[in-house]
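Everything below concerns the one structure shown next.
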Amino acid sequence: MIELLVEEPLLLLFIVSGMGYALGRIKIKGVRLGVAAILFVGLAVGALDPRLTLPPIIFEMGLIIFVYSIGISSGAGFFASLRGKGLRDNLFAVIMLTLALFMVIGAHYLLHLRATVSAGLFAGSLTNTPALAGVLESIASSAPANAVDVMLTEPVVGYSVAYPMGVMGMILAILVLQKVWKIDYQEEAKGLRGFNLVEQELYNKTILVTQPAVTAVTLRELRHQNNWDVVFGRLQRDGEVTLATGEVQLQLGDLISMIGTPDDVDAIIPAIGELTDEHLEMDRSEYDFRRIFVSNPAVAGRSLADLRLPQEYGALVTRVRRGDIDFLAHSSLVLELGDRVRVVSRRKDLSELTELFGDSYRELSEVNLVSLGIGLTLGMLIGLIPIPLPGGITFKLGAAGGPLIVGLVLGALRRTGPIAWVPPYSANLTLRQIGLIFLLAGIGLRSGYTFFTTFAASGGVSLFLAGAIV
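One point on numbering: in my numbering, the residue at position 41 of the sequence shown is 189, and numbering is uninterrupted.
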């Protein structure tokens, strides 16, 4: 069997991946390793024979795809988070990482660890797989040829030993701190809406307009002046139902439907009027609604305001579903491939709107190889650029840093001319999983045979405790 696996590395890859994924789904006291279990299965299988390894290109390809897919999906939120409180939060994260770094340095000198093992300890205690990949890439490009194999194993030892305690330690810290600080996750989620997507319950209520104060300005101005995080849908005036666009000015006696979270809607109702038993959202006599997938690249990367739906099509988008999250469709929202928009319009216009957004599930399962190829090429080229440092030293971002930075930038841009950079949500998630599987399987199999020897020589129990402390 071993001879067969040595001769067929792809078969070896799929066996390790399948076994690791199955193992990672097993829960022990509510905790499971997830896809990281592939690394441990790879270590176990690789320990059987030194020839049980994968071609280096599989590891490298997995690393590049993994970090790029993270960057492309996180770019917009990353740069948005640098504004306002986000800058403070990022500074706090840097402080925590620095604290963890000093703790690892302390363990390094106290336990007399090799620098490579300490680097793996840092990555494992923080459960940071891209950091481990970056360490391995740096060693592969700079270590002496006669020592590179051993040096590549040492960070994996530190990572593998510290990873389980890194997971359990974080869970324990969260459980304790949420009790000590009395964290209200719903309130915390509200503060993240400005630059990140958070799960929120949405519902629709119909209000009778009785407050004269709200009739003086348009709905757009009302939302802006009062900072209302809601969306208005239908409006009924004198028995006629129309759309509540931003230019509409309310009148006493109007009925208007409002969509938002229960807390937001309930707080706004008294400012407009009073709750009624009417359900305008269910009135489909003139206006109807439809859930439509965004599969048209010409629409992706553009904001709802840019599409001018009320002016061009007499339509409104009230909600958007991205992945498993439903959120309000504000005019500033930038659409992505794979979004599912809830459109309200006249029934006769729904077919034209469906054509505009695409609504092709098949296209959403495909990746635009032009944008993906350009993005990965740019990332690899930037990773090859030598960056000079004081003292005549140069370093490169490599296959981990280059694609990650390019992914963040392109993810923030979303589109350039006709090219939409962000792939469909499901396709990007699949790419990320495939990349991570290749990466972890490659690391585990390459390091498995020398893992246990190095583990014993490096003081496995001490590493385990150090990972728990960090």
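Note that CB positions come from ideal geometry on N, CA and C, so glycine has one too.
Looking at the DSSP output, P536 sits in a beta bridge with T542. The distance from the Cβ of T502 to that of I440 is about 5 Å, consistent with a contact at the 8 Å cut-off. Distance between E155 and I186, taken at the CA atoms: about 21 Å.
Put simply, the backbone Cα of L383 is about 12 Å away from that of K353. In this structure A364 does not touch G449 by the C-beta definition: roughly 37 Å separates them, more than the 8 Å allowed. Using a Cβ distance threshold of 9 Å, I212 and G583 count as a contacting pair. Its chain contains P571 and A575 as the residues whose beta carbon lies nearer than 6 Å to that of V515, once the 5 sequence neighbours on both sides are disregarded; these appear in chain order.
Cβ-Cβ distances below 8 Å link L367 to F380, A392, T393, G394, E395, V396, Q397 and L398 in the same chain, with the five nearest sequence neighbours on each side left out; the list follows chain order. Spanning the alpha carbons of M528 and G550 requires a straight line of approximately 6 Å. Per DSSP, the continuous alpha helix (DSSP H) segment holding D412 begins and ends at P410 to I420.
Excluding five sequence positions before and after G590, the CB atoms of its chain that fall closer than 7 Å to its own CB belong to L202, I206, F207 and G210, given in chain order.
Annotation: the continuous beta strand (DSSP E) that includes S493 extends over R488 to R494. Contact check for L259 against A271 fails: the beta carbons are separated by 9 Å or more.
Beta-bridge annotation (DSSP): E395 is not paired with any residue. Assignment of beta-bridge partners to Y435 by DSSP yields R494.
With at least 16 other beta carbons inside 10 angstroms of its own, Q348 counts as buried. In this chain, the beta strand (DSSP E) harbouring Q384 covers V379 to R385. Burial of D507 is indicated by the presence of at least 16 other C-beta atoms within 10 angstroms of its C-beta. Around the beta carbon of P360, a 10 Å sphere encloses fewer than 16 other beta carbons of the protein chains shown; the residue is thus reported as exposed. Proximity to L356 across I416, P410 and V324 peaks at I416, based on C-alpha coordinates. Excluding the 5 residues flanking it on each side, V465 has same chain C-beta neighbours closer than 6 Å at L452, A477, V489 and V491, in chain order.
Taken through DSSP and simplified to helix, strand or coil, A477 comes out as coil.
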